[in-house]
Amino acid sequence: MVKKLAVAIAVTSGLLVLAGFFFRHPLLAMGQGALANWATILAAFALLLGLANLLSFHATNVRGRRTGWGYSLLALIAALAVLVVGFAPELGWPGDWHLDWVFVYVYEPLSMTFLALLAFFVVSAAYRALRLRTWESAALVLSAVVVIVGQLPLGYQLWPGLVEAKDWLLAVPVTAGMRGILLGAALGAMALGLRVLLGLDRPYLD
Amino acid sequence: MALYCSQCGASNRDGSLYCNACGQRLGVVAAATCPACGAMVPALARYCSQCGTPLPALAAAPVEGEAIPFSEEEAGSLEAEAPSLGAWKGEEETGKKVTGEPSVSSFYPLPPTPVPVPVHWPGPELASAAELEAAWAAALAGPPPMVELFDKRGAWAPPGPPEARDGRATRLLRASVPRLLYLLLLAAVVLPLAYPALRADLVVQVGAETRQFYGTLESVPPKGLALIAFDYDPGAGGELNPQARAIVGHLLRRGVKVVAVSLRPAGPYLAQAAFRQVKDKGGYRYGEDFVDLGYLAGEEAALASFAQDLALATPVDWVRGRPLAEYPMLREHAGVQQFDLLVVLADNEPALRRWIGQIGSRYGLKMAAGLSALAAPPAQPFLRSGQLAGMLSGVPGAAEYEELLGQPGPGTVALAPQSLAHGVVLLAIAAGNVALLGSWALGRRRGKSKGTRDRT
Chain H
1 MVKKLAVAIA VTSGLLVLAG FFFRHPLLAM GQGALANWAT ILAAFALLLG
51 LANLLSFHAT NVRGRRTGWG YSLLALIAAL AVLVVGFAPE LGWPGDWHLD
101 WVFVYVYEPL SMTFLALLAF FVVSAAYRAL RLRTWESAAL VLSAVVVIVG
151 QLPLGYQLWP GLVEAKDWLL AVPVTAGMRG ILLGAALGAM ALGLRVLLGL
201 DRPYLD
Chain Z
207 MALYCSQCGA SNRDGSLYCN ACGQRLGVVA AATCPACGAM VPALARYCSQ
257 CGTPLPALAA APVEGEAIPF SEEEAGSLEA EAPSLGAWKG EEETGKKVTG
307 EPSVSSFYPL PPTPVPVPVH WPGPELASAA ELEAAWAAAL AGPPPMVELF
357 DKRGAWAPPG PPEARDGRAT RLLRASVPRL LYLLLLAAVV LPLAYPALRA
407 DLVVQVGAET RQFYGTLESV PPKGLALIAF DYDPGAGGEL NPQARAIVGH
457 LLRRGVKVVA VSLRPAGPYL AQAAFRQVKD KGGYRYGEDF VDLGYLAGEE
507 AALASFAQDL ALATPVDWVR GRPLAEYPML REHAGVQQFD LLVVLADNEP
557 ALRRWIGQIG SRYGLKMAAG LSALAAPPAQ PFLRSGQLAG MLSGVPGAAE
607 YEELLGQPGP GTVALAPQSL AHGVVLLAIA AGNVALLGSW ALGRRRGKSK
657 GTRDRT
């Protein structure tokens with residue numbers, strides 16, 4: 001009985017939101033807006049739950065001296081430090097620079113550093129993977145070279161045709177491939193959406 | 207994280223040295239040799255990873271074939287001398303007669319539990335009982351030979367056949383080329399930033415996509431309202447911060463009011479950085495010329511809610527925490543329909559797709575996008591279909607846009623290091639293919655010399 005009620009609520013909510021996309025009616029818009037707001041509030045609570053889960057996981061690691069517990073300790077200290085800094089105005093600390101400072105001098109440099117490492121992986125992959133072993137790999141290497149050179153000022157200075165070739169590659173084969181992927185994914189999403197709306201798939205009961 | 211035994215597949219705790227089910231040393235794989243190409247393959251592999259040849263059958267499914275001449279008396283005496291041989295599945299399955307060709311050419315460890323292991327059996331050339339006995343004795347004398355297929359750091363490094371092993375100079379060259387490329391990459395990025403003279407001669411050619419983007423922003427009327435979504439992480443800031451700064455500056459100079467919002471927690475800080483960089487130059491004021499609505503939690507649901515009623519989704523602004531109705535530029539704007547333009551700054555295509563699906567297509571809002579180089583190719587269909595009225599791509603897009611604005615900035619500065627870094631990538635591709643040609647030539651020469659030895 002409880003399951004049937006849950007399915008009924010889920011299906012009704014889903015249909016209401018779906019109908020709001022197709023029909024402009026104040027009642028539908030109101031229902032849709034209310035549901036969207038509930039989802040937003042739930043998402044905010046999910047963030048809190050995620051934080052609690054993360055802290056609990058790392059605290060267990062530290063307490064049990066599991067492998068890599070030192071990193072868990074660092075994660076705990078970092079999380080708690082940012083939390084305290086975030087509550088600084090409520091704690092009566094002067095100024096409003098605290099979280100900005102953490103973002104500008106800690107988070108941003110770390111994030112950029114990690115992504116910058118990708119450049120070295122790209123060079124390594126270019127050295128190891130982009131090799132002329134077969135006709136297919138030759139096409140891949142040629143496309144990569146054309147796009148890399150054509151995207152730079154140097155490419156235009158070398159030969160303007162390279163830029164045109166790069167534009168053609170992006171406009172025709174890449175767009176065609178991406179359209180195929182997007183359409184396939186959209187059809188899959190529609191099929192999955194219908195299954196959920198009809199109560200055949202019930203991930204919310206798992 | 208669990209470790210899985212290469213011999214029996216059992217799950218072991220992280221850090222285990224030996225399998226808790228069969229005693230196999232973890233990280234060491236008993237290996238066989240592919241009968242077709244000679245490549246080393248892990249035990250229990252069904253197909254060769256190099257040539258795809260089906261590998262010989264396991265003991266659980268003995269190979270049908272011609273019986274090796276071998277009397278029951280001989281087998282009986284051998285069994286009496288070596289009773290523990292019963293642990294070898296080959297004997298269980300084949301009884302007193304040995305059938306088929308030898309399935310693998312290397313020894314395998316004896317598992318204490320009855321798990322399927324490949325048959326080890328001396329080859330047909332060992333036809334006599336004495337030879338069989340000697341082979342069994344050798345097998346029982348010590349642990350079966352194991353092949354280290356991983357190096358000290360745990361990387362997959364199977365040993366090649368002796369004749370294919372490289373000389374010291376080749377190994378040194380192979381190890382040093384990637385390191386040299388890394389050093390070149392570092393120099394390519396650092397030197398143009400340290401010495402401006404190195405980036406002086408770059409001529410920025412403005413592409414059609416950037417012109418289209420510029421035209422879209424120019425089409426927004428003065429006193430109009432533009433919404434900018436800062437949906438990227440600081441990691442992509444190298445590409446998107448210059449774009450953000452140029453776009454915000456362009457709109458504010460034209461007298462367009464700018465509202466920032468983000469579906470990423472870091473987005474509001476990035477928006478603040480962009481506003482900070484341009485506001486002092488033009489004397490723009492927070493609340494009159496631009497407002498930051500901050501972070502929206504809840505992804506697509508939050509977007510749907512935001513689209514219907516800004517004040518319901520974000521009751522107060524991010525910087526001052528005041529109700530939106532207190533800002534004159536937002537007083538008359540209930541939903542997103544009232545915006546003249548939406549610009550999405552994103553480092554991945556799904557983030558852009560969310561805005562297109564929930565707002566651009568649904569409310570018919572004119573959209574443009576500033577994307578990282580990674581996100582731009584997958585977003586091409588949206589540009590071709592007209593769902594995007596313009597698109598900037600990565601650092602080149604930022605530099606071209608700055609060129610159109612006549613104000614070279616961080617995008618133009620970043621173009622030189624990026625160009626040189628791309629040159630290093632091209633060099634890496636060339637080096638990899640030279641190495642491939644070298645290994646082919648080396649292999650051919652070795653093949654010839656081996657053929658000569660065989661003939662002699």
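Order-wise, the sequence lines are chains H and Z. FYI, the numbering for the first sequence is 1 to 206, going by my numbering. FYI, the numbering for the second sequence is 207 to 662, going by my numbering. Glycine included, C-beta positions come from ideal geometry on N, C-alpha and C. Quantities reported herein were computed from a predicted structural model and do not represent experimental measurements.
Between residue i and residue j, how many whole angstroms is the CB-CB distance? I'm expecting something under 8 Å.
i	j	result
Leu458 of chain Z	Gly488 of chain Z	6 Å
Val426 of chain Z	Val465 of chain Z	That belief does not hold up - the Cβ atoms of Val426 of chain Z and Val465 of chain Z are roughly 13 Å apart, past 8 Å.
Ala432 of chain Z	Val462 of chain Z	5 Å
Pro602 of chain Z	Val395 of chain Z	Going by Cβ atoms, the distance from Pro602 of chain Z to Val395 of chain Z rounds to 16 Å, so no, they are not a contact pair.
Gln514 of chain Z	Gly541 of chain Z	6 Å
Pro153 of chain H	Ser625 of chain Z	6 Å
Ala507 of chain Z	Ala36 of chain H	5 Å
In three-state terms, what does DSSP make of residue i?
i	result
Asn218 of chain Z	strand
Ala432 of chain Z	strand
Val462 of chain Z	coil
Ala472 of chain Z	coil
Leu580 of chain Z	coil
Val467 of chain Z	strand
Ala189 of chain H	helix
Met1 of chain H	coil
Pro203 of chain H	helix
Ala260 of chain Z	The identity of residue 260 of chain Z in the sequence shown is Pro, whereas the question assumes Ala. Three-state result, Pro260 of chain Z: strand.
Gly617 of chain Z	helix
Thr134 of chain H	coil
Ser591 of chain Z	coil
Asp437 of chain Z	strand
Gly50 of chain H	helix
Pro521 of chain Z	coil
Arg651 of chain Z	helix
Leu551 of chain Z	strand
Leu399 of chain Z	helix
Ala634 of chain Z	helix
Arg374 of chain Z	helix
Ser246 of chain H	Nothing can be reported for residue 246 of chain H, as the shown portion of chain H is limited to 1 through 206.
Phe545 of chain Z	coil
Using the C-alpha atoms, what's the distance from residue j back to residue i?
i	j	result
Leu404 of chain Z	Ala171 of chain H	33 Å
Ala119 of chain H	Ala144 of chain H	15 Å
Ser217 of chain Z	Leu232 of chain Z	11 Å
Gly629 of chain Z	Leu55 of chain H	45 Å
Leu632 of chain Z	Ala116 of chain H	18 Å
Trp135 of chain H	Leu547 of chain Z	45 Å
Gly644 of chain Z	Asp437 of chain Z	46 Å
Gly329 of chain Z	Leu391 of chain Z	With a pLDDT of 43 at Gly329 of chain Z, under the threshold of 50, the modelled position of that residue is not reliable, and the figure given next carries that caveat. Rounded to whole angstroms, Gly329 of chain Z to Leu391 of chain Z spans 54 Å at the Cα level.
Gly443 of chain Z	Trp93 of chain H	30 Å
Phe21 of chain H	Ser72 of chain H	45 Å
Glu369 of chain Z	Ala227 of chain Z	Note that Glu369 of chain Z has pLDDT 44, beneath the 50 cutoff, so the model's placement of it is unreliable and no number is given.
Ala245 of chain Z	Cys211 of chain Z	21 Å
Gly563 of chain Z	Tyr156 of chain H	36 Å
Thr416 of chain Z	Met597 of chain Z	7 Å
Leu74 of chain H	Asn61 of chain H	12 Å
Glu164 of chain H	Ala129 of chain H	26 Å
Gln151 of chain H	Lys166 of chain H	7 Å
Ile181 of chain H	Glu494 of chain Z	43 Å
Thr40 of chain H	Leu509 of chain Z	9 Å
Val84 of chain H	Gln213 of chain Z	50 Å
Lys4 of chain H	Asp206 of chain H	14 Å
Kindly indicate which residue of the options has the alpha-carbon position closest to the one of residue i.
i	options	result
Ala517 of chain Z	Z:Gly504, Z:Glu415, Z:His456, Z:Glu538	Z:Glu538
Val102 of chain H	H:Ala81, H:Leu42, H:Trp93	H:Ala81
Val122 of chain H	Z:Gly638, Z:Gly644, Z:Gly649	Z:Gly638
Tyr475 of chain Z	Z:Ala435, Z:Ile453, Z:Glu494, Z:Gly455	Z:Ala435
Leu158 of chain H	Z:Pro398, Z:Leu408, Z:Leu397, Z:Cys257	Z:Leu408
Val454 of chain Z	Z:Gln213, Z:Glu608, Z:Pro260	Z:Glu608
Ala185 of chain H	Z:Gly615, Z:Arg491, Z:Leu648, Z:Pro556	Z:Pro556
Ala647 of chain Z	Z:Leu423, Z:Gly258, Z:Thr376	Z:Thr376
Leu169 of chain H	H:Leu183, H:Val149, H:Tyr105	H:Val149
Val174 of chain H	Z:Ala636, Z:Val640, Z:Ala581	Z:Ala581
Handout entry: At least 3 beta-carbon pairs within less than 8 Å: the stretch 569 to 579 of chain Z vs the stretch 444 to 454 of chain Z
Key = yes
Handout entry: Segment contact, 8 Å Cβ cut-off, at least three pairs: the stretch 577 to 596 of chain Z with the stretch 543 to 553 of chain Z
Key = yes
Problem - Touching by the beta-carbon criterion (3+ pairs, under 8 Å), the stretch 527 to 547 of chain Z and the stretch 381 to 394 of chain Z - result: no
Exercise for the section: Could you say if the stretch 468 to 486 of chain Z and the stretch 7 to 19 of chain H meet the contact criterion of at least three C-beta pairs nearer than 8 Å? Expected result: no
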